[in-house]
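Number of protein chains: 2
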Amino acid sequence: MLKRNLPPVHPGEILREDYINEHNLTITEVAEGLGIARANLSAIVNGRAGISPEMAVKLAEAFGNTPQFWGNLQKNYELWHAERTVNRSKIRHFWEEWKGLQPT
Amino acid sequence: MLKRNLPPVHPGEILREDYINEHNLTITEVAEGLGIARANLSAIVNGRAGISPEMAVKLAEAFGNTPQFWGNLQKNYELWHAERTVNRSKIRHFWEEWKGLQPT
DNA sequence: GTATCACGTAACATTACGCATTACAAGATA
DNA sequence: TATCTTGTAATGCGTAATGTTACGTGATAC
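Below, the structure is given as structure tokens:
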């Protein structure tokens with residue numbers, strides 16, 4: 056298992072570079088194709104909004120991949136930031152009290 | 056790849072059954088161990104709240120598994136509901152216009 | 001050269017949700 | 001009976017996603 060030290064790119068950046076720019080699409084064009092507002096898509100690709108579960112489904116439908124793909128990008132992004140935000144120091148380690156029952 | 060037809064259990068249910076009940080813990084006890092309010096944990100295990108990224112980190116720290124574990128449970132739960140909520144009928148299939156460039 | 005249009009982004013309002021605080025009901029215990 | 005513990009609901013706050021509206025910029029039409 057490999058620990059990442061570098062912050063994962065915002066899913067919106069991948070959306071912009073690998074799907075919009077790569078295929079010479081515009082934000083307006085894609086927003087219309089997804090049935091959402093331009094402002095909404097603009098916020099996503101600029102990192103000012105995340106990819107909601109509903110948006111993940113729409114993106115998958117439009118770009119021929121899975122909602123899991125977009126959901127994973129978003130989840131990894133959020134978890135990476137949460138891991139360095141949350142103060143773990145005062146959390147009780149229940150699993151150490153179980154001696155031999157720890158899941159992976 | 057296997058398509059699930061049955062709704063995934065709410066992550067809070069797994070938390071309650073496999074971690075709290077299984078080890079004879081109480082909501083009060085676990086909430087204190089996590090450093091959160093009882094009401095907060097109660098809402099989660101009763102399906103009235105989801106597991107946030109921050110909560111996933113805390114649960115992993117307390118129970119000896121990974122934030123990814125809890126994050127995946129939550130993501131799968133949300134995506135399953137989003138898939139049957141979102142109206143895909145009017146979404147443009149950009150990938151069909153790319154002919155041979157579809158990602159998996 | 002000015003007017004119009006398309007495009008991208010910001011501002012605002014609405015809605016939903018995670019979380020803390022508070023209040024309440026039920027059961028156990030002194 | 002009174003007090004304490006436990007679980008849950010109600011309330012308020014902050015944050016975030018979304019749609020609508022507005023604004024600035026560049027291209028195109030006249």
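Protein chains in written order, with our numbering: chain A, 56 to 159; chain B, 56 to 159.
Note that beta-carbon positions come from the ideal geometry of N, C-alpha and C, so glycine has one too.
As the structure is a prediction and not an experimental result, all values here were calculated from the model.
Listed along chain A are F149, E152, W153 and L156, each with a C-beta nearer than 9 Å to that of H78(B).
Residue environment for A115(A): buried (at least 16 other C-beta atoms within 10 angstroms of its C-beta). No Cβ of chain B is located within less than 9 Å of the beta carbon of R93(A). The Cβ neighbour count for P62(B), taken over all protein chains shown within 10 Å, is under 16; the residue is labelled exposed. With 16 or more other Cβ atoms inside 10 Å of its own Cβ, N131(B) counts as buried.
At a Cβ-Cβ threshold of 9 Å, A111(B) and Q123(B) count as neighbours. Pairing L134(A) with N142(A), the inter-Cα distance amounts to about 14 Å.
Exclusion of the five residues before and after E68(A) leaves V100 and G102 as the residues of its chain whose Cβ lies within less than 8 Å of its Cβ. When rounded, the separation of the alpha-carbon atoms in G119(A) and H65(B) is 28 Å. CA-CA distance, E72(B) to E87(B), rounds to 18 Å. DSSP places K145(A) in the coil class of the three-state scheme, outside both helix and strand. Not a single C-beta of chain B is nearer than 9 Å to the C-beta of H65(A). Your pair F149(A) and A92(B) does not check out as a contact, with CB atoms roughly 18 Å apart and the cut at 8 Å. Taking I106(B) as the centre and dropping the five residues before and after it, the same chain places the C-beta of P66, W125 and Q129 closer than 6 Å to its C-beta, in chain order. Within chain A, the residues N142, K145, I146 and R147 have their CB atoms less than 9 Å from the CB of G90(B), given in chain order. Residue burial is scored here from C-beta neighbours: K113(A) has at least 16 other C-beta atoms within 10 angstroms and is therefore classed as buried. Using a CB distance cut-off of 9 Å, V85(A) counts as an interface residue toward chain B.
Sequence-distant Cβ neighbours of S97(A) in its own chain, meaning closer than 7 Å and more than five residues away, are I82.
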